[in-house]
Every structure is written in C-alpha cells, then in structure tokens.
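*Asks:* Going by my numbering, the first residue of the sequence shown is number 1113, and it counts up by one from there.
One structure, as structure tokens, below. Some questions next.
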Amino acid sequence: MEPATVEPKFPTIGSSPQGVDSANPFEEMMSRFDLAAQKLGLDPGLYKVLREPVRETKVSIPIAMDDGRIEVFIGYRVLHNIARGPGKGGIRYDKNVNLDEVRALAAWMTWKCAVVNIPFGGAKGGVICDPGSLSRAELEKITRRYTAELMDQFGPEKDVPAPDMGTNPQMMAWIMDTYSMHARHTVTSVVTGKPLSLGGSRGRVEATGRGLMLICREAAPLRGLTLAGSRIVVQGFGNVGSIAARMCHEAGAKVIAVSDIAGGIVNEAGLDMAALVAHYEKARSFEGFPGISRITNTELLELDTDILIPAANENQIRGKNAGNIKAKIIVEGANGPTTQKADEILNRNGTLVVPDILANAGGVTVSYFEWVQDRAGFFWRESEVNERLEDIMVQSFRDVASMAEKYNVSFRIAAYMLGISRVAHDTMVRGLYA
Ligand code: NAD
C-alpha cells in the first residue's frame, strides 16, 4: 500500500485563535502577535520565522535531598529569538512551570527587549519546583545542576539568564560560579541580577519596580491624573510588587491595598509603606500589621482605585472579572496578567492597559546595564543607572503611545507592533543563512 502523504501545515497570519481567555500563556501571546502582525502587514514568511523559538531544551536535574532521598526535577530553557543580540530572560522556580509558559515568557522577552530598544533577543527558563519547601542546600544543588546542563547554551554572547519568580541574587551568584568553574575563569557577564559585590549593578533590585512607577507617572495624565495623589492597588508583594508600591508611595501616591498569595490587605487612608515593608521582611506575611482589613485577591483586583498594578502571575484579569475592574489605568508588573478576552472588555470600558512588555521592562533594561558594566569592568553610580533607566522608560512609553495613536490600536497591540517591527527589520537586514 502507498504510504499516505502528510501535507506540512505552515502557520499563517491570523490563524491563532482570537478572543482567548485561556490558561495557556503561549496562546495568549500568539493571539496578540497575530493582531499586531496583521496591523503591520508583516510579510508571511517573516511571520513564520518570528513565531518559532530558535531552540527549546528540557533538562533533568537529579538531586540528593537533605534527607538522603533522590529527587529528579525538570527544567526548561527556551531561546526564542537572537536576531538583535544574545537571548535574555529570567529563570522561574515554581510548581506550575511548564513548557508553554516558558515559551510564552521567552517570546515576551524578545518583544520587550525590542520595545525598549536594547541589543538582546528573548529567552526564558524555569524549573518545576516549590522553592519555599526546599532548603538552601537543595536550591543550590538544583541551580548548579540546571546551569551545568545548560553550560553550552548559556554565555555572555549567547544567552544571559536573570532572576524571575522564585529566584534571587544568591541563585544568580551560584549560576555565575558554576558557569565560571566550567569555563575555568570568572565570567560575571553570563548572568544578571547578581549581588552587587559579584558584578551586580546598582539599582537592579529596584529596577522593575522603579520602571513601573515611571510608567504610572507617564500614563496618569492620559486619564486626567497625576501619580502624586493617585490611589494605587498592587497585587503581589515580591520583588516587583513591593518595590513598585514603595516607589509609587515615595512619589506621593496613596497605596490603598496590596496582596500576596495568601490574600490582600486594604486601608483606604493609605498604607504606611516603609512600616509595611519592614513588617513583611520580618514576618513574611501581612499578619499582625495594624490598621488594615483583610480581603481576597479577587476583591483586591476589583477595588475602586485609580491605578492597578498586577505584579503576581499570569491570567489574573480574565473574561469573568474584567467587567468588575474599576481602575482607570492598569500597569502590568507581571508578565501576561491579562487575557485577550479581558483586554477586549477593558478596552471597551475605557481602561488604559499599559502592557507588560513595556511596563515591566525596567528590570531587563538594568540587566542590560549590568551586562555592559561587567563587560567593561567599570561600574556606574546608582544615580547614573536610574537616570539612564528613566530616559529609556520615558522614551519607550512615548514610542508606544505614538504607535497607538498612529494606528488607532490599544497600547498592547502598539507595543507588540513596535517590538515585532524592530525584530522583523533586523531579521531582514541580516538575511536568512542557509
Ligand atoms: P516574586 O517571587 O518575588 O514575588 C511574587 C509575588 O506574587 C509574591 O508576593 C507571591 O506571594 C505573589 N503571588 C504569587 N501567586 C499569586 C497569586 N495567585 N495571587 C496573588 N499573589 C500571588 O516574583 P517577582 O520577581 O516579583 O515577579 C512577579 C511577576 O513579575 C512575574 O510575572 C514575573 O515574571 C514578573 N517580572 C519580574 C521581573 C523581575 O525583575 N523580578 C521583571 C519583569 C517581570
């Protein structure tokens, strides 16, 4: 019998499902990518090139646990695009890490680096684990083995990791050390988000939160507000959320509610952020903080506020709750917190959504500064870092705003259009190697 021939299926612009309200971040990313590609009139061949990750790697991480048991953790690294420079993107430690999530996060890094016009492509990594239940020794073993497995893929000119949810500067130091031991010399620029004494940059820890505050300041006048005096609600109280809340408070805004995974707290008169941060650092919870009422994360997102900063994880604002959101402006600290279905509802209701790939780009921007400083072996003052960060965030906000106006699209689609057009242009200029 003749073997059946299988026609290859090539993706075409507009073939991704639209109006998605999905738990799959890759579908969410592709639905926006398609809309932006259509608006740009992107060449169908370039569309195929830009949607496919360059490489996806799965690694097995066998570890002897503290009690002597052997466990095997699974890790991923996706290199999405390197047309404009080495891959760049964080490593996430979380129970829910999966390949589709890492793939979406890697693509978002490609567009994000292009939106803020820094010379990096996009990448992302993750390990399926619950970092809160692991000892320091176990976390160190996981981090070192993950790095060793990816030794050939990481490198200052190839793919440069950074922190994300569940990872921190100490883990970046272990990555730097493991890579350096294999390379037989110290390579600080292989990873960013390191401790200051090991080639870290001043201002890196605060960079994502500072960038969010700057974006709140730039966006506020578009809804007749000023940041000083605006009411702010922040979901997530980790690196991004706690620092964004503190910086907005220091800029004169009134932070009325914050939350972590256990739930939220609210004080309509405004939270004393310095006291709250000090309390949280000690207690690792909001429990026992005076003058607050407890609310759920669902209630928090629906509070009457000027600006809402979701800074936890994906898919928090969906079809089912978007209609209840009262914020005039949403500034996305997390990656992918809003589904496409929710975007449609928010746009209809006149809510200004400043998308993740612009709003939270402060982190990767200062990661870029860290990489530059490591390679030069010359370190900048914090004021220099912050000034350069402000220049880039303000310019990028203006670039996206004028794209939105020119094409009469949302800020999200405008940001995708800006990022995609830059990557597409550079891909064309380089040409296809074959
Ligand atoms: P983190 O681990 O420091 O903090 C995460 C916070 O979110 C914690 O307070 C946790 O309790 C809370 N949280 C988790 N799940 C939640 C839920 N379902 N509801 C409410 N709160 C929840 O992580 P981070 O570095 O602050 O990252 C937060 C988000 O920002 C992620 O989406 C990450 O990809 C994105 N991001 C981080 C950076 C960075 O520089 N760290 C840069 C850009 C974007």
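Each residue gets a CB set at the ideal place from its N, CA and C atoms; glycine is no exception.
#1: Under 7 angstroms from any heavy atom of the ligand NAD, does the C-beta of Ala1424 make it?
#2: Measure the CB-CB distance between Ala1285 and Leu1308 and report whether it falls below 8 angstroms.
#3: Could you round the C-beta distance between Arg1204 and Gly1278 to whole angstroms and report it? I think they count as a contact, below 8 angstroms.
#4: On the premise that Arg1257 lies in contact with Ile1182, defined as a C-beta separation below 8 angstroms, what is that separation, rounded to the nearest angstrom?
#5: Is Val1352 near the ligand NAD, in the sense that its beta carbon is under 7 angstroms from a heavy atom of that ligand?
#6: Compute the distance between the beta-carbons of Val1302 and Phe1266, then report whether it is under 8 angstroms.
#7: Checking 8 angstroms against the spacing of the C-beta atoms, do Val1443 and Ala1471 come in under that value?
#8: Is Asp1264 near the ligand GTP, in the sense that its beta carbon is under 7 angstroms from a heavy atom of that ligand?
#9: Can you give me the start and stop residues for the alpha helix (DSSP H) that Gly1364 sits inside?
#10: Using the Cα positions of Met1283 and His1192, report the straight-line distance between them to the nearest angstrom.
#11: Nearest-angstrom Cα distance between Ser1354 and Ala1381?
#12: Are Val1227 and Val1497 closer than 8 angstroms when you measure CB to CB?
#13: By the 10 Å Cβ neighbour count, where 16 or more other Cβ atoms means buried, how is Ser1508 classified, buried or exposed?
#14: Roughly how many whole angstroms lie between the Cα atoms of Asn1433 and Ser1143?
#15: Going by other Cβ atoms of all chains shown within 10 Å of its Cβ, with 16 needed for buried, is Gly1475 buried or exposed?
#16: With the cut-off set at 8 angstroms, would you say Ala1527 and Ile1469 are in Cβ contact?
#17: Within the chosen definition, does the segment 1204–1221 reach the segment 1477–1485 through at least 3 CB pairs nearer than 8 angstroms?
#18: If you scan the segment 1193–1219 from start to end, which runs of the alpha helix (DSSP H) of 4 or more residues do you find wholly inside it?
#19: Candidates Met1263, Ile1457, Ile1125 and Asp1133: which alpha carbon is nearest Arg1296's?
#20: Is Ile1437 near the ligand NAD - that is, is its Cβ less than 7 angstroms away from at least one heavy atom of it?
#21: What residue from Glu1517, Ala1356, Ile1441 and Ala1331 has the CA that sits closest to Leu1324's CA?
#22: Starting from the Cα of Ala1479, find the closest Cα among Pro1268, Ile1186 and Arg1163 and give me that residue.
#23: Using a threshold of 7 angstroms, is the CB atom of Ala1218 nearer than that to any non-hydrogen atom of the ligand NAD?
#24: Roughly how many angstroms separate the alpha carbons of Glu1318 and Trp1492, rounded to a whole number?
#25: Please report the straight-line C-alpha distance between Lys1236 and Gly1348, rounded to a whole angstrom.
#26: Are Leu1217 and Val1535 close, meaning C-beta to C-beta below 8 angstroms?
*Replies:* Checking against the coordinates, here is how it stands:
#1: One-based indexing of the sequence shown puts residue 1424 at position 312. Answer for Ala1424: yes, Cβ within range of the ligand NAD.
#2: Translated into positions along the sequence shown, residue 1285 becomes position 173. Translated into positions along the sequence shown, residue 1308 becomes position 196. Leu1308 is positioned such that its CB atom lies no closer than 8 angstroms to that of Ala1285.
#3: Residue numbering aside, residue 1204 sits at position 92 when the sequence shown is read from its first letter. Residue numbering aside, residue 1278 sits at position 166 when the sequence shown is read from its first letter. That belief holds up - the Cβ atoms of Arg1204 and Gly1278 are roughly 6 angstroms apart, short of 8 angstroms.
#4: Translated into positions along the sequence shown, residue 1182 becomes position 70. Translated into positions along the sequence shown, residue 1257 becomes position 145. No, Ile1182 and Arg1257 are not in contact; Cβ-Cβ is about 12 angstroms, not under 8 angstroms.
#5: As a first step, residue 1352 is located in the sequence shown; it is residue number 240 there, counting from the start. Val1352: yes, Cβ under 7 angstroms from the ligand NAD.
#6: Within the sequence shown, the letter at position 190 stands for residue 1302. Within the sequence shown, the letter at position 154 stands for residue 1266. Yes, these two residues count as a Cβ contact at 8 angstroms.
#7: Here residue 1443 refers to the residue found at position 331 when the sequence shown is read from its first residue. Here residue 1471 refers to the residue found at position 359 when the sequence shown is read from its first residue. Yes.
#8: Among the ligands modelled here, namely the ligand NAD, the ligand GTP does not occur.
#9: On the sequence shown, position 252 is the one that residue 1364 refers to. That residue, Gly1364, is in no alpha helix (DSSP H); it is neither H nor E in DSSP.
#10: Here residue 1283 refers to the residue found at position 171 when the sequence shown is read from its first residue. Here residue 1192 refers to the residue found at position 80 when the sequence shown is read from its first residue. Rounded to the nearest angstrom, the two C-alpha atoms are 23 angstroms apart.
#11: Taking the first residue of the sequence shown as position 1, residue 1354 is located at position 242. Taking the first residue of the sequence shown as position 1, residue 1381 is located at position 269. Across the structure, Ser1354 and Ala1381 are spaced so that their CA atoms are roughly 18 angstroms apart.
#12: Looking up residue 1227 in the sequence shown gives position 115. Looking up residue 1497 in the sequence shown gives position 385. Cβ distance not < 8 angstroms, so Val1227 and Val1497 don't count as in contact.
#13: To locate residue 1508, count along the sequence shown from 1; it is residue 396. It is buried - the Cβ of Ser1508 has at least 16 other Cβ atoms within 10 Å.
#14: The residue given as residue 1433 occupies position 321 in the sequence shown. The residue given as residue 1143 occupies position 31 in the sequence shown. Taking the straight line joining both Cα atoms gives about 20 angstroms.
#15: Translated into positions along the sequence shown, residue 1475 becomes position 363. With 16 or more Cβ atoms within 10 Å of its Cβ, Gly1475 is classed as buried.
#16: Your numbering for residue 1527 matches position 415 in the sequence shown. Your numbering for residue 1469 matches position 357 in the sequence shown. The answer is yes: Cβ separation under 8 angstroms.
#17: Contact annotation: the segment 1204–1221 does not touch the segment 1477–1485, with fewer than three C-beta pairs closer than 8 angstroms.
#18: none
#19: What you label residue 1296 is simply residue 184 of the sequence shown in a count that begins at 1. Closest option to Arg1296, Cα to Cα, is Met1263.
#20: Within the sequence shown, residue 1437 is the residue found at index 325, counting from 1. No, Cβ of Ile1437 sits at least 7 angstroms from all heavy atoms of the ligand NAD.
#21: Position 212 of the sequence shown, counted from the first residue, corresponds to residue 1324. For Leu1324, the nearest C-alpha among the options comes from Ala1356.
#22: On the sequence shown, position 367 is the one that residue 1479 refers to. Correcting the residue identity first, residue 1479 is Ser in this sequence and not Ala. The option with the nearest alpha carbon to Ser1479 is Pro1268.
#23: Position 106 of the sequence shown, counted from the first residue, corresponds to residue 1218. Ala1218 Cβ: outside cutoff for every heavy atom of the ligand NAD.
#24: Residue mapping note: residue 1318 aligns to position 206 of the sequence shown, counting from 1. Residue mapping note: residue 1492 aligns to position 380 of the sequence shown, counting from 1. Cα to Cα, the separation comes out at about 15 angstroms.
#25: Here the question's residue 1236 lines up with position 124 in the sequence shown. Here the question's residue 1348 lines up with position 236 in the sequence shown. Going by the C-alpha atoms only, they are around 21 angstroms apart.
#26: Numbered from its first residue, the sequence shown carries residue 1217 at position 105. Numbered from its first residue, the sequence shown carries residue 1535 at position 423. Cβ distance not < 8 angstroms, so Leu1217 and Val1535 don't count as in contact.
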